[in-house]
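Q:
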Amino acid sequence: MILLSIILVLGVSTIFWSCAGLIRLAAENSWRVEEIRARFREWIGSLTGRPAVSRRHKPARHRSKGVRLYPVNVAVLIAAHNEELVINETILSASALVPRRNIHVVSDMSTDNTAAIARTAGVKVLELEPNRGKAGALAAGIAHFGLCKRFKVVMLLDADTRPTPDYLETGLQLFSDPTVVAVAGRAKSIMTPQSPTKIGRFLVAYRERLYIVVQLMLKYGQAARGANVVSIVPGFASMYRTNALAEIEVLAPGLVIEDFNMTFEIHAKKLGRIAFHPAAAVAYTQDPDTLKDYVKQVRRWILGFWQTVRRHRMHFGKFWFVLTLYIIELVASCIFFVLLVPALLLSTVAAAEVSIFGNRWEGFYVLSGVLRPQDVLIGVFLPDLLLTVVAAISMRNPRFLLMAPLFPFMRILDAMICLQVLPRAFSASSSGVWVSPVRRIQQRVGEAGPAKGSQAKVPSAQPSAARSSAARIG
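Following the UniProt record's numbering, the numbering of the sequence shown begins with 1 at its first residue and continues without gaps.
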């Protein structure tokens with residue numbers, strides 16, 4: 001039981017793709033080993049008086065294989081609905097990456113000053129009525145502004161996202177491989193200043209842990225050249241080559257979100273590779289800091305995942321095989337987390353009947369061993385703690401460890417939401433019309449991360465219960 005719990009908590013996918021990621025990391029950094037060897041040979045040569053032949057290698061990432069792309073070749077497309085509190089700062093962040101004439105805002109029936117602020121900022125604006133939802137707004141913007149004909153790359157940016165100053169410098173390098181048609185952005189939570197409430201700080205920390213685990217332990221391996229099984233190019237800050245974007249059905253009916261579908265379209269139509277690297281195309285985003293907003297967001301993301309699976313169904317191919325195994329693992333993990341507390345209580349009561357009240361019924365003996373407290377500690381809390389340790393090391397923030405005992409309970413909540421929306425995804429369709437969450441005024445993201453004094457919300461496949469929501473990013 002303990003071994004099964006560990007597998008369900010960490011996830012077979014997480015373990016496998018973490019190993020694949022380590023192999024990729026070793027391959028990408030093999031030049032560093034050669035560099036060390038060359039320096040060592042030079043040092044030995046200086047001691048012996050015999051100059052060593054230099055065999056230094058340059059990093060593979062600097063070797064261009066295709067046509068080089070520049071910021072002037074990139075269009076930024078922002079779909080917005082009542083985003084007056086954040087749209088100006090998003091435009092400012094985008095204008096640090098591309099000329100303002102390359103920035104396009106689609107105001108989807110905003111009833112506030114979103115469109116006026118965007119016009120004042122000097123970018124192109126399209127106003128829509130009635131409300132079409134994000135996918136409808138993106139499709140309208142791509143067609144109205146002729147982005148696929150005028151640019152080589154389109155960057156999709158949420159109205160509350162803050163790309164880092166080197167977003168394009170690092171992200172466009174991935175397009176040097178001509179087979180790459182999309183670059184999945186690296187999501188990070190805006191952590192400072194902290195949320196004013198304890199629950200808010202906890203929720204943001206949990207989401208940041210999710211981003212780290214999914215992107216470092218799953219997505220990095222899935223995006224390896226020989227794999228190409230990334231399940232989500234998150235819509236918060238990602239890039240598409242326009243010749244591939246023209247082939248994607250952005251506005252797919254019946255879906256609550258668009259980015260899962262756009263990613264599945266790439267695989268279904270065999271358009272090319274999806275690239276991801278933790279150090280490339282990094283952007284910061286606001287995350288919910290109230291339980292109500294968190295539940296609404298996760299429900300929407302997971303519903304979008306199941307709806308996309310329903311729409312595309314299964315095909316033959318590597319991506320679809322990996323996706324099928326992932327879905328089986330996801331459902332099994334969700335059932336495990338939902339039954340975790342009831343099974344523990346049942347086993348504890350049975351154990352009390354035997355040890356305290358001396359009940360000799362054989363059924364109590366069996367039930368008392370189903371899920372013991374030590375099983376939960378070793379099989380659930382310790383493996384989950386390992387994920388938190390990875391996040392704490394990555395963030396260089398030991399504060400995550402203080403919250404670690406509570407994170408498994410969030411995974412129970414995620415599992416309940418996942419199973420709750422599953423029947424709805426196969427029994428009803430969604431209009432896609434959106435209602436923006438409550439925003440917090442933000443400032444621009446500096447080179448070292450979010451600017452001090454800024455506040456902040458994106459997209460989610462954490463191992464096990466939260467995987468389907470985490471797949472959005474991260």
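Yeah, the Cβ is synthetic: ideal placement off N, Cα and C, and Gly gets one too.
Buried or exposed: Leu402, going by 16 or more other Cβ atoms within 10 Å of its Cβ?
A: By the 10 Å Cβ count, Leu402 comes out exposed.
Q: Quick one, which of Leu156, Leu371, Glu83 and Met416 has its alpha-carbon nearest Val298's?
A: Val298 has its Cα closest to that of Met416, out of Leu156, Leu371, Glu83 and Met416.
Q: Would you check if the stretch 198 to 215 and the stretch 94 to 110 touch, i.e. whether three or more CB-CB distances between them fall below 8 Å?
A: No, the stretch 94 to 110 is not in contact with the stretch 198 to 215.
Q: As a quick exercise: from Gln194, Tyr284 and Val230, pick the residue whose alpha carbon is nearest that of Ala159.
A: The residue with the shortest Cα to Cα distance from Ala159 is Tyr284.
Q: Considering only their Cβ atoms, is the gap separating Ile412 from Phe337 smaller than 7 Å?
A: The answer is yes: Cβ separation under 7 Å.
Q: Could you check the C-alpha separation between His312 and Asn228 for me, to the nearest Å?
A: Cα-Cα distance, rounded: 18 Å.
Q: Cα separation between Val341 and Ile2?
A: Looking at the two C-alpha atoms, the distance is approximately 15 Å.
Q: Along the chain, where does the beta strand (DSSP E) that runs through Glu127 open and close?
A: From DSSP, the beta strand (DSSP E) with Glu127 extends over Lys124 to Leu128.
Q: So, do the stretch 106 to 115 and the stretch 80 to 96 have three or more beta carbon pairs nearer to each other than 8 Å?
A: Result yes; three or more Cβ-Cβ pairs closer than 8 Å.
Q: Just the C-alpha distance for Val389 and Ala143, rounded to the nearest angstrom, thanks.
A: Whole-angstrom Cα-Cα distance: 46 Å.
Q: Keeping to the same chain, check which residues put their C-beta closer than 6 Å to that of Thr90; ignore five residues upstream and five downstream.
A: Once the five neighbours on either side are set aside, the close Cβ partners of Thr90 are Ala159.
Q: Just mark Ala20 as buried or exposed, buried being the case when its beta carbon has 16 or more other beta carbons within 10 Å.
A: Ala20 is buried by the Cβ-count criterion.
Q: Quick check: Asn29 and Val433, are their CB atoms within less than 7 Å of each other?
A: No, the pair does not count as a contact, with Cβ atoms beyond the cut-off.
Q: Taking a contact to mean a Cβ-Cβ separation below 7 Å, would you say Leu174 touches Ala237 in this structure?
A: No, these two residues do not count as a Cβ contact at 7 Å.
Q: Does DSSP put Ser176 in a helix, a strand or coil?
A: Ser176 falls in the helix class under three-state DSSP.
Q: Quick check on the burial criterion: 16 or more other C-beta atoms within 10 angstroms. Buried or exposed for Lys457?
A: Low confidence applies here, because Lys457 scores a pLDDT of 34, under 50, leaving its location unreliable; read the following figure in that light. Under this definition Lys457 is a buried residue.
Q: Quick one: what's got a C-beta closer than 7 Å to Ser95's C-beta in the same chain, skipping five residues either side?
A: Ile103.
Q: So within the stretch 208 to 258, which uninterrupted beta strand (DSSP E) runs reach at least 3 residues, ignoring any that extend past its ends?
A: Whole beta strand (DSSP E) segments, 3+ residues: 237 to 241.
Q: Between residue 476 and the rest of its own chain, which residues show a CB-CB distance below 7 Å, the 5 nearest in sequence each way excluded?
A: Outside the shown range of the chain, which is 1 to 474, sits residue 476, and nothing can be said about it.
Q: Determine the closest residue to Asp289 out of Pro196, Ala352 and Ser347, with distance taken between C-alpha atoms.
A: Per the Cα distances, Pro196.
Q: Beta-carbon separation of Leu138 and Ala79 under 7 Å?
A: Yes, the pair counts as a contact, with Cβ atoms nearer than the cut-off.
Q: Determine, using beta-carbon pairs with one atom in the stretch 264 to 278 and one in the stretch 314 to 330, whether at least three such pairs fall under 8 Å.
A: Output reads yes: the stretch 314 to 330 touches the stretch 264 to 278.
Q: With C-beta atoms as the reference, is Met239 less than 7 Å away from Val183?
A: Cβ distance < 7 Å, so Met239 and Val183 count as in contact.
Q: In terms of alpha-carbon separation, which member of Arg372, Ser107, Ile327 and Ile335 lies closest to Leu346?
A: Cα-wise, what sits closest to Leu346 is Arg372.
Q: If we require 4 or more residues per run, which alpha helix (DSSP H) segments fall completely within the stretch 296 to 378?
A: Fully enclosed alpha helix (DSSP H) runs of 4 or longer: 318 to 355, 362 to 368 and 373 to 376.
Q: Alpha carbon to alpha carbon, how far is Ser93 from Leu157?
A: Rounded to the nearest angstrom, the two C-alpha atoms are 11 Å apart.
Q: Could you give the C-beta distance for Ala75 and Leu10, rounded to a whole number, given that I count them as a contact under 8 Å?
A: The pair is not a contact, with the Cβ atoms about 40 Å apart (cut-off 8 Å).
Q: If you drop the 5 nearest sequence neighbours on each side, which residues of the same chain put their C-beta closer than 6 Å to that of Leu168?
A: These residues qualify, in order along the chain: Pro71 and Leu97.
Q: Under 7 Å, do Val106 and Leu245 count as touching if we go by C-beta distance?
A: Their beta carbons are not under 7 Å apart, which means Val106 does not touch Leu245 by this criterion.
Q: Could you check what DSSP says for Ser195 in three-state terms: helix, strand or coil?
A: Residue state, collapsed to three classes: coil.
Q: To which residues of the same chain is Ile117 closer than 7 Å at the C-beta, ignoring the five residues directly before and after it?
A: Closer than 7 Å at the Cβ level, and outside the excluded window around Ile117, lie Glu84, Ile87 and Asn88.
Q: Reducing DSSP to helix, strand and coil, say where Arg472 ends up.
A: With a pLDDT of 48 at Arg472, under the threshold of 50, the modelled position of this residue cannot be trusted, and the question is left open.
Q: Please classify Glu129 as buried or exposed, where buried requires at least 16 other C-beta atoms within 10 Å of its C-beta.
A: Per the 10 Å Cβ criterion, exposed.
Q: In the DSSP output, which residue or residues are listed as bridge partners for Leu156?
A: Answer is Leu77 and Ser238.
Q: Taking C-alpha atoms, which residue in Lys188, Arg424, Asn243 and Asp293 lies nearest to Gln307?
A: Minimum Cα distance to Gln307 is reached at Arg424.
Q: Judging by CA-CA distance, which residue of Ala350, Val349, Phe260 and Leu419 is the nearest neighbour of Cys334?
A: Here the closest residue by C-alpha is Leu419.
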